[in-house]
Amino acid sequence: MRAALVLAAAASLAGCAQSSAVRQARLTSPTKQADIGFRPPVQRVERAPDSVVRVRHAELSPPATRSASSGLASYYSEGQKTASGERFDPSELTAAHRSLPFGTRLQVTNVKTGRSVVVRVNDRGPFVGGRVVDVSYSAAQALGMVNTGVAQVKVDVVR
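To get the numbering used here, take the position in the sequence shown, counting from 1, and add 95.
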């Protein structure tokens with residue numbers, strides 16, 4: 096019985112001595128993970144060969160068509176940059192529209208005088224209710240609306 100107790104004590108002491116030696120070795124030597132640039136494994140998802148992945152795409156708005164709208168137009172003569180990033184130039188025939196793509200050409204016709212001008216959309220607006228388009232000062236001159244500031248117009252998409 097004494098021999099068994101001595102053997103058990105020796106085994107437990109040997110285990111303690113070994114674990115501290117292993118701990119000491121771990122603290123003083125670089126880890127294997129650091130040596131090989133260890134990265135945790137990536138979790139992979141396996142799919143059955145007959146599975147179907149469905150992707151829902153956002154609906155694109157239809158391209159601008161040759162539609163006409165009518166309402167009030169106003170003009171603006173001052174500004175720094177347009178919404179398209181261009182520097183505003185009141186001498187160019189440009190316009191601001193709420194939703195048409197930049198670069199769209201519009202034929203704007205003054206309903207009262209019959210005068211019309213083709214402008215290029217390069218800005219967003221107008222931000223006043225009831226107005227359909229803002230035109231540059233040059234376009235307002237061509238339409239004959241500088242004195243009144245606003246005019247009833249018909250707007251057609253050219254391209």
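Quick reminder that beta carbons are idealized off the backbone N, C-alpha and C, glycines included.
Counting only the same chain and skipping the five closest in sequence on each side, list residues whose C-beta sits under 7 Å from that of residue i.
i, result
"E187", "S231, S233"
"V253", "R200, L201, Q202, V213"
"T243", "none"
"F197", "S179, V216, N217"
"T208", "G239"
Under a Cβ-count criterion, where at least 16 other Cβ atoms within 10 Å of its own Cβ denotes burial, should residue i be classed as buried or exposed?
i, result
"G166", "exposed"
"V216", "buried"
"M240", "buried"
"A163", "exposed"
"A98", "exposed"
"V223", "exposed"
"T189", "buried"
For residue i versus residue j, is the C-beta spacing smaller than 8 Å?
i, j, result
"R226", "S172", "no"
"V228", "V206", "no"
For residue i, collect the residues of the same chain with a Cβ closer than 6 Å to its Cβ; drop the 5 residues on either side in sequence, then sort them by chain order.
i, result
"D218", "T177, A178, A191"
"G220", "A191, D229"
"A235", "Y170, V241"
"D184", "none"
"E181", "N217"
"G174", "F183"
Reducing DSSP to helix, strand and coil, say where residue i ends up.
i, result
"Q236", "helix"
"R97", "helix"
"A244", "Contrary to the premise, residue 244 reads as Gly rather than Ala in this sequence. G244: coil per DSSP, three-state reduction."
"G166", "strand"
"A190", "strand"
"G254", "One detail in the question is off: residue 254 reads as Arg in this sequence, not Gly. R254: coil per DSSP, three-state reduction."
Take residue i and list the residues in its own chain whose beta-carbon comes closer than 8 Å to its own, dropping the five residues that flank it on each side.
i, result
"R210", "T204, A237, L238, G239"
"L195", "A159, L201, V216, V252"
"R193", "R219, G220, P221"
Runs of alpha helix (DSSP H) wholly within the stretch 192-233 (minimum 4 residues, chain order): none
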